[in-house]
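Notes to accompany the following structure.
Residue numbers (full-length UniProt numbering): 1 to 278.
In structure tokens, the structure reads:
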């Protein structure tokens, strides 16, 4: 059962920008895990396999940073310290029940007066949102069966928003182009790994981009440089396609909220979600 949890945070001292990178937020997540299960924390730290969680960058503004069509871009880098007392939010998604079950004690016994450390700064977790909110579209929960059952077998239009820089591995190198193969194979591999409802013959050849509004952005730190796209792509399902195959594609699009797409999703990259027309 995938969960998309939004943690509301309050820093007690300024957070320097060099501690707001994906690497430091990844370390903070492992600290949260280790606080309730040190063995699990060590295992996640040492694992190089596709991991059952994703993280967002730390957000200091309203849930949606206005930028581009649909206003769904998120802040993924910080040039200035986040001042003390600035309300922040941080999205953690969990893709399997094992991980969520292990962390249940953390959520249930949350101590708002216990500080967590991000670099030199102390953070308090003031609350956790796990269900949809009108102003917080990144909080949600669903079973895999529910995602599949509620997916449309007729809707042929899929609008995906890429909210943090997104790139895909192709051989030894990265590509930024959100082709149907890159996007839907990324979703498919994670769905088949965690859902228990495997899709064997996805009709990827029937998916065509019909609207593209993307640009590349560069995220550089002292260790590396990451180039990815941000924006929106509408994909259309064209031709004669069986309803069950349309349903599978729609289920994967809805799953994007939880699993993200492409590389470095445990470091804040590849955050994506489906946008529905009002």
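For glycine and all other residues, C-beta sits at the position ideal for the given N, C-alpha and C.
With DSSP collapsed to three states, give me the class of residue i.
i	result
residue 96	coil
residue 13	coil
residue 252	helix
residue 129	strand
residue 200	coil
residue 60	coil
residue 82	strand
residue 134	coil
residue 174	strand
residue 268	coil
residue 20	coil
residue 157	strand
residue 35	helix
residue 87	coil
residue 163	strand
residue 110	coil
residue 263	coil
Looking at residue j and residue i, is the spacing between their C-beta atoms short of 9 Å?
i	j	result
residue 274	residue 158	yes
residue 214	residue 180	no
residue 152	residue 247	yes
residue 79	residue 17	yes
residue 6	residue 129	yes
residue 227	residue 165	yes
residue 141	residue 98	no
residue 2	residue 95	yes
residue 266	residue 39	no
residue 272	residue 160	yes
residue 56	residue 138	yes
residue 87	residue 188	no
residue 121	residue 19	yes
residue 28	residue 103	no
Using 10 angstroms around the beta-carbon of residue i, count the other beta-carbons present and answer buried if the total reaches 16, otherwise exposed.
i	result
residue 117	exposed
residue 69	At residue 69 the pLDDT is 39, less than 50, meaning the model places this residue with poor confidence; the figure from the coordinates comes in the next sentence. Exposed, because fewer than 16 other Cβ atoms sit within 10 Å of the Cβ of residue 69.
residue 105	exposed
residue 355	Outside the shown range of the chain, which is 1 to 278, sits residue 355, and nothing can be said about it.
residue 212	exposed
residue 154	exposed
residue 83	exposed
residue 21	buried
residue 71	Note that residue 71 has pLDDT 46, beneath the 50 cutoff, so the model's placement of it is unreliable and the number below is only indicative. Classification for residue 71: exposed.
residue 134	exposed
In the DSSP output, which residue or residues are listed as bridge partners for residue i?
i	result
residue 5	92
residue 212	233
residue 115	124
residue 220	225
residue 55	92
residue 141	3
residue 275	159
Exercise. Would you check if there are 3 or more beta carbon pairs closer than 8 Å linking the stretch 176 to 189 to the stretch 259 to 267?
Key: yes
Practice problem: Evaluate the contact criterion for the stretch 205 to 212 versus the stretch 231 to 242: three or more CB pairs, one atom per stretch, below 8 Å. | Solution: yes
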